[in-house]
Each structure stands twice: as C-alpha cells, then as structure tokens.
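When we follow numbering that gives the first Met the number 0, the leftmost residue of the sequence shown carries the number 0, and every step to the right adds one. Report on the following structure.
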Amino acid sequence: MNPNSFELVIEKASNYVGNTWPLYSFVTSNPLSGYEKVSFPTAVKEVQKMLGASVYPKGTLYRNALDNGDIEISELKDLLQKSGYKKSPGHYLQLMERQQSSDIKNPHHVLDRRMVKWLSAFLDEGLAEWEMPFKELGFYNAWRKLASYDEHLGSINMSEIPKTPIETLESLLARFSDEEIHDIVKFHLAALPGWTGYIKHRGANQSLWQKKYPIDLEQYLAVRLWSAKQLGMELLPETKATETDHEMMELQHIWLKAWEKSWQMELVRMLKDAPKEEESYGTEPDMPDAQLVFCIDTRSELIRRHVESAGNYETFGYAGFFGIAMDYENTKDDVVQKSCPPIVDSSYKVFEVATDENQTKKKSMDQKVENTKFWNYFLKRMKNMLPSTFGFVEGSGLYYGLNLVARTIAPAGRKRKKPGYENICEPELRNAHSNASISIADQAAIVKSGFELMGWKSFAPVVIFVGHGSHSANNPFASSLDCGACAASPGRHNARMLAKMTNNLQVREFLSSEHGIDIPSSTIFVGAEHNTTTDEIELFDSQVPESHQNHMVNIKKNLVKARASATQDRLGAIKNSVGLARINATNWGETRPEWGLAKNASFVIGPRKTTMHHNLDGRCFLHSYDWKMDKEGRALEAIMQGPMVVTQWINNHYYFATVDNEKFGAGTKTTHNITGQYGVVQGNGGDLKMGLPWESLYESEDKAHHTPFRLTVVIQAPKERVNAIVDRNKNIKSLLENEWIYLIIMDPQDNIDVLWNKNQILQTRMDEEADSLKEKIKIQSVEALNIA
C-alpha cells in the first residue's frame, strides 16, 4: 500500500472517533459526526460494535419515562405493532432492563497504558515543570530518540526503528490485505478514542502547540503498532466488543422514537396555543420600554420569561456570537480566543482600547493585572520546583489550610469582583488577517444581517444585546458552560462590539440610505452579559448618555427582580435563591454549579409570540424569526445552515454522553485529574475523556436530568419555503433523511403542522393528535397497570 493510500485509510477510519476539545475551549459536538451521512440506527450499531458502547437509553430510563407519563402508550404500541412486535410493551421493557452492558476485557490494555504515558508527556501544554525532550521534532521522531529508555519495550537501539512513520507502517502491515489494514487502523484508533480525538482536534485547528510540537494520526499509529510488535501482541485481535443483537437494538430504537414523538406532540400542542396569525400581525404593538436580545441557548428561555414578567420588555433570540465572526484578544493575558462558532472562520479580531479620559485608569489596571500574574507564576514555581517544593509546602501549610477552610465554610462570602476593562475601554474591530479597520459598509452588513434574521420591526428607547457566560470555581469543565456559539468563550465581547457598531451614527446613516433600516436617534444600544449560574445580568453602560439614565435605573431594578424569580424557578428554592445560586458559583467543592444545556430537546424558529406564554422548562433553543419579513427565505436558510446545525451538534453530544457516560462523556468529576492543561483522565491514567461529566447529566444513578432525545426542529414558515431550502442544502437534507434530527413545519398559511419525512412530506395534523393527548394521559395510569 502506498503512502497516499495509508492517508486515505487513516482518514476513513478516523470517522470512528470524534474530536476531543480541550478544556479551555470545550465545545459540545456530535462524537459521531463522521457518520452523519448514514442513518442513525446504522451509525450507532456500527459504533456499538466497534467501541462496545451503549448507544440507546438504558431500560431504567425508559421505565421512568413511562411511569412519569412522558411516553404516550398508544404511540408506543402502534410503533411496536408496525415493526412486528405483538407482545405487550411491558414484556419488551423487561427485556431491555435485563440487557446489561458487559465489561469487555481489553486485549491491548498494556499497550494502551504505554501509549498514554507517551501521549501525556508529548501533548503537555505547560502543566509539566520538565518537558519531554525533542518535542520540536514531532511525536514520532521524539519517541524514536527516547524509546530505548522505555524498559517495557525491551532492549532496543534507535537504529532498529524505521526513520519515518510511513516506513514503520509499510514494514508492519505489508503482510496484510487492504481490508485487514483498514480493520487494524480502525481498531487502534478506536482503542483510545479520547486521545486520538484530541490528536484530530490539534491537527484540524493548528494551534500554537501543534505548530511547535506536531503530531498526527499517522505518527501515532506508527508508534503504537511498532510498540505492539515489540510487546509481542497481535496487531488485530479477533474481537474487541460484543455486538448487541439486532432485535434488542431495534426495540431500543422503537422506544426512543415513541418517547420523542410523545414530546413532539406535547410541544406542538403548546405552540398551537399561541395567538393566531391575525392576532399576531397586522397591528403594531405598544412600544416596549426596552428590547433585549438573548442567545438561542436553552438557558435563555428561562431568563427571558422572567425578564418579560419584570417589566414592559420585549425579548429576541439570536445566536450568541451576534453575527460577528471574530477572535477576541483578552487584555488580561494577551491570549487570543475564538469567539464565534467553531464551524465559522474568524474574519475579525477584537481588542480593547481605552477611551482618552481613561488612559490613566487603564495603566493602573494593567499594572494590577501584571502583579497578579507575577504572584500566580511565583507561587506555581515555588510549588513545582524540586529545590523549594518541600520547604514551601511546609511553610505555607497554615495559610493554605485556613484558606481552604474559609472557601469551604463561606464560599459566597469570598467572592470578589475581578477587575474588568469594560467600563474604561471600548472594543475595537479589525480585520483578523491584515489588522486593517473595518469599513462602515461592512459594519452595517453585520448589523443588517442580525436584524433580518430576527425579523426586527421597530426599536425601543433602549436595546440590550445580552451575551452569556458561566461563573464557577474549581471546575475543569467551566468553558463547557459558556457560550457554544462563541466557541466556549463568554458572549460579552460580541455583545459589546455589536452595541458599539449600532450606536455608530455613520453605520446608522448607511443602514438608512442603503438598506432602508431606520433606527431612531432616541434609541441607544447596550452590551450586557447573563451569568447563567447566578442569573445576574450585568450591563456595560458606562457610555450611556444622560438622557437615558432614568431608563437604565428602571431596567437594572427590574433585572434584579427577574434574577430573584429566575433563580427561584431554576433552583426550586423560595427563600434566598440568589444566595444559593451565588454559592453554587463560588463553592470550590460544588460538582454541579449549574445544569448547562441539559434537557435540550428542540429548536424553535419563529416569532416570540409562539412561545412566550409557555414555560418550556429550558428544553428549547429559541431563534426569533418572522416569515413575513423574509420574502425570499434567505434569513431562514441562514438560520438552518448555521444555528440549526450547531444545535444538532450540542444535542447529539448531550445524547451520547447520557447514554454512555464512560465512553462518550467524562465519568464522575470526583475522580478527575487534569492532564496537560487540556483534558482530564480518571484516576492516574487511561483514556482522555471526550465529553461532559456525569454530574452535568444525571441527578442519581438511575435518574437522568437530561432526556436523551434527538433534536426536534420546529419552524413557523410556509412549508414550500422550508422544503425548497432543504432540497438545495444537501447537508441539511442528509441530517433529516438519516434521522439525526426531526423537522416539524408549522405552516401559518394553511394552519397545518407538517412532519418532514424522507419518503414524502407527511401532512400530519399533529395539533389534532396533541389535542387528545390530555385525555389519553388521564387513562395512562390505568393502561400502565396492564403492561407490567
């Protein structure tokens, strides 16, 4: 097999593992993204066979759903009968509950341990005090120079090891057929999917660490296969995983579909209770005191309800990077972070510039930041340097002990406001590649795009763009709770940048003259951030003119009210809910500061009036959209191409981390150890964890907080428009045809609800089915007695 053929085999086999994102930019993504062009049942069956993973909810979760009335029994019976299963649902439920995931002995566990040692040392990103030698030569060459010192590999000389990875692969695999080579490569990449996923991520993103210390899957395989040969192991063992029988997987899939369909019927019933078309349009509503734009994040659904209840406010949903494909240079550490979706290339770079009157304040703050950085570095060196380690630990023990006690007894009381640049600086937008200023026309295009996607009609005196971020202590997975649309960064920077652009008089004049968008001179725009752990909304309003100060005072007062009621709702605490939320954010021992996007199940694209009168329990992504203002469907197509695909990533990440947390998640936080500053392992080694921890998904051993559904997308628009968009976008059509997502079209013209199907567009009047759901639930408890 020639070198090019090896590359193709490795690329194809690497589809069996998803990308593993580093902790500092943890992004939820579909771990089976390489399978999205085949049907969901086919994909999970192949992965189950290869990884020995659970790919459907376990039987206890189905029983809990049935007992709680979340699975509509008549729907379940109908699906079972259509597939030829004639016995009672209870019979099949007992079969699924008896199905146990067997522990499979790993025939290469010794090899895995050796590879973890080498990978940990090479991939370290600054945590280790002493670096592995020769890293700049790349993984294979560094290992080749050091392999003779690995006593587990036996007595070898460097001259015995081929000089290049491809020579190693050719020599080891020459006796195998092409099919066997593919199986060997697939097996060894899937043996440590967390580590190979991180190698894939480094190669795809070309980080500074990757450019300085290169590694790729070809190098990894060469080292692994050569080590296997040296350890006397077969390159392709007879079996790695036992396959669940076809009937069991089909039953699990049927139960999943029944559970999903029951949720869809309930959701559509709620949405159909919204004001009718003629009530929603035709007359201009009273102007609100303020308009607030939140991220489509499911956590925004809750805070939007409470903000709307606190005053005369209108809210919108928009992807939390606010349409600015940017990187952000953090003034505190000069680190440049991506602040837009991972699937989008960054066109812009944003950094902070002090206003003229605040130059002195910025210099003072810069000095404080530098002092803090120095002391943090000094303490780290004192703890890690061999000569000072023991003396430092002994000498500082009392201080650290008292500090630990204080953090445990009164975590919230130790919270201090970290110095922020938002009140003395303004964000500056530049071209990411040339560092040139951005034209007024380009800035206006960014603003115009946002208004069009949301279906914006008129402007209140105050408009607030609310990004979001999460605050927690001692939490390696903290970035997973930040804004996914901002590549796991807080959304405040994008919100502030968009507010600055829309306040620019030249941008407003361009919008009016070139695009017919007239923003009143009395309207001001403000950036803000919603802390999803405490539900505090911080306004960055230092530049607000005197004419709007009374508006801002009232808004801040009402946002405090919204915070109190939102934390009560979210935490189920009537008294001191704000204090409890603050403790969750500051307690170093809290394993679950907040639930993140757990419970996400649907993505609703439509006007706020469709959802605002219902408590959706944080289960829905909400994107504002007005089909009447989108004559050509371009705005809807952009939403479906971007945010809809990203929410599918999030949804599938949560799904697979829930159904098998050990394989696709991170296990429990209580035994995590950080490795290399980029990931965690359980205990002192093993595979790099690729997904969310158990505490982010489960309340107890058999009670999942997240419901493992595939994403249901609901779009309020004429069905012809939606169908046309699906037909001309192969990726979207593939996701639908292969049942990675569902699509329900709520056609406002024909007043029907259409469930998209790959064989035909089924004009299913789901609202009629849902109307009878309440009646069916009444008799559910009676029927439940008959299935046991």
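Backbone N, C-alpha and C define an ideal beta-carbon position, used for all residues, glycine too.
Taking buried to mean at least 16 other C-beta atoms within 10 Å of its own C-beta, is residue i buried or exposed?
i      : result
Gln759 : Because Gln759 sits at a pLDDT of 48, beneath the cut-off of 50, its placement in the model cannot be relied upon, and the following sentence gives the value as read from the coordinates. Exposed is the call here.
Ile342 : exposed
Arg304 : buried
Asp534 : buried
Pro359 : For the record, residue 359 in the displayed sequence is Thr; it is not Pro. With fewer than 16 Cβ atoms within 10 Å of its Cβ, Thr359 is classed as exposed.
Thr669 : exposed
Trp455 : buried
Gly675 : buried
Tyr41  : The sequence given here has Thr at residue 41, not Tyr. Looking at its Cβ environment, which holds fewer than 16 other Cβ atoms inside 10 Å, Thr41 is exposed.
Tyr148 : exposed
Met496 : buried
Leu710 : buried
Asn530 : buried
Ala580 : buried
Lys499 : buried
His617 : First, the residue type needs correcting, since residue 617 is Gly and not His in the sequence shown. Flag for Gly617 reads buried.
Asp177 : exposed
So, at 6 Å on beta carbons, what are the nonlocal neighbours of residue i in its own chain, with the 5 sequence-adjacent residues on each side left out?
i      : result
Gln748 : Pro717
Gly664 : Ala656, Gly690 and Leu691
Thr195 : Val16 and Leu188
Glu803 : One cannot answer for residue 803 here, as it falls past the ends of the chain, which runs 0 to 787.
Asp123 : Gly675
Near residue i, which residues of its chain fall below 8 Å by C-beta distance, leaving aside the five closest residues on each side in sequence?
i      : result
Ile523 : Pro460, Val461, Val462, Asn502, Val543, Pro544 and His547
Val644 : Ile342, Asn730, Ile731 and Leu734
Ser13  : Gly33, Leu188, Thr195, Lys199 and Leu216
Leu7   : none
Val46  : Tyr15, Leu31, Tyr34, Ala52 and Val54
Tyr653 : Thr27, Leu596, Ala597, Asn599, Leu691, Leu696, His705 and Pro707
Ala769 : Low per-residue confidence applies at Ala769: pLDDT is 47, beneath 50, and the placement is therefore not dependable enough to give any value.
Pro642 : Ile295, Ala318, Ala484, Phe602, Phe620 and His622
Measuring CA to CA, which of the options is closest to residue i?
i      : options                           : result
Thr354 : Lys348, Tyr317, His200 and Tyr420 : Tyr420
Tyr312 : Gly685, Ala561, Phe602 and Trp755 : Ala561
Ile9   : Ile180, Glu130 and Gln80          : Ile180
Gln505 : Ala444, Lys556, Ser479 and Val525 : Ala444
Ser206 : Gly682, Ser24 and Ser699          : Ser24
Lys76  : Trp258, Pro236, Phe133 and Arg223 : Trp258
Val679 : Thr19, Lys271 and Arg727          : Thr19
Gly682 : Arg112, Glu307 and Lys57          : Arg112
Phe450 : Tyr61, Ser438 and Leu635          : Leu635
Lys662 : Pro410, Cys424, Gly685 and Asp746 : Gly685
Lys256 : Asn672, Phe321, Phe39 and Lys210  : Phe39
Ile554 : Val525, Gln567 and Trp142         : Val525
Ala289 : Leu687, Glu307 and Ile302         : Glu307
Val43  : Leu172, Asp244, Ser158 and Val115 : Asp244
His467 : Glu719, Val292 and Ile423         : Val292
Ignore the nearest five residues each way along the sequence and tell me which others in residue i's own chain have a CB closer than 7 Å to its CB.
i      : result
Lys447 : Leu510, His514 and Ile516
Trp587 : Arg406, Pro410, Ala472 and Asn473
Pro161 : Thr167 and Ser170
Ala240 : Residue placement at Ala240 is flagged as unreliable, the pLDDT there being 49, under the threshold of 50; a coordinate-derived value is accordingly withheld.
Asn583 : Thr532, Glu589, Pro592 and Glu593
Taking 7 Å as the threshold (C-beta atoms), are residue j and residue i in contact?
i      : j      : result
Ser345 : Ala431 : yes
Pro606 : Val658 : no
Pro489 : Thr532 : no
Phe464 : Ala494 : yes
Leu234 : Ile155 : no
Leu168 : Phe5   : yes
Ala484 : Ala637 : no
Val334 : Asp326 : no
Leu50  : Pro475 : no
Glu694 : Thr590 : yes
Pro247 : Gln98  : For the sequence presented, residue 247 should be read as Met rather than Pro. Yes, the Cβ-Cβ distance between Met247 and Gln98 is below 7 Å.
Phe315 : Met114 : no
Flag residue i as yes if its beta-carbon sits less than 7 Å from any beta-carbon of chain B, otherwise no.
i      : result
Ser438 : The structure shown contains no chain B; it holds only a single protein chain.
Within the segment 312 to 376, note down every full alpha helix (DSSP H) run reaching 4 residues or more, in order along the chain.
none
Runs of 4 residues minimum, wholly inside the segment 540 to 628: which ones carry the alpha helix (DSSP H) assignment?
548 to 570 and 576 to 585
Going residue by residue through the segment 682 to 748, where are the continuous beta strand (DSSP E) segments of at least 3 residues, counting only ones entirely within it?
697 to 699, 710 to 715 and 740 to 746
Tell me the start and end of each unbroken alpha helix (DSSP H) in the segment 65 to 146 that is at least 4 residues and wholly inside, in chain order.
72 to 81, 88 to 97, 108 to 122 and 138 to 145
In the segment 185 to 214, which residue ranges form an unbroken alpha helix (DSSP H) of at least 4 residues, counting only runs that do not cross its ends?
192 to 204 and 207 to 211
Along the chain, which unbroken stretches of the beta strand (DSSP E) at least 3 residues long are found entirely within the segment 444 to 472?
461 to 468
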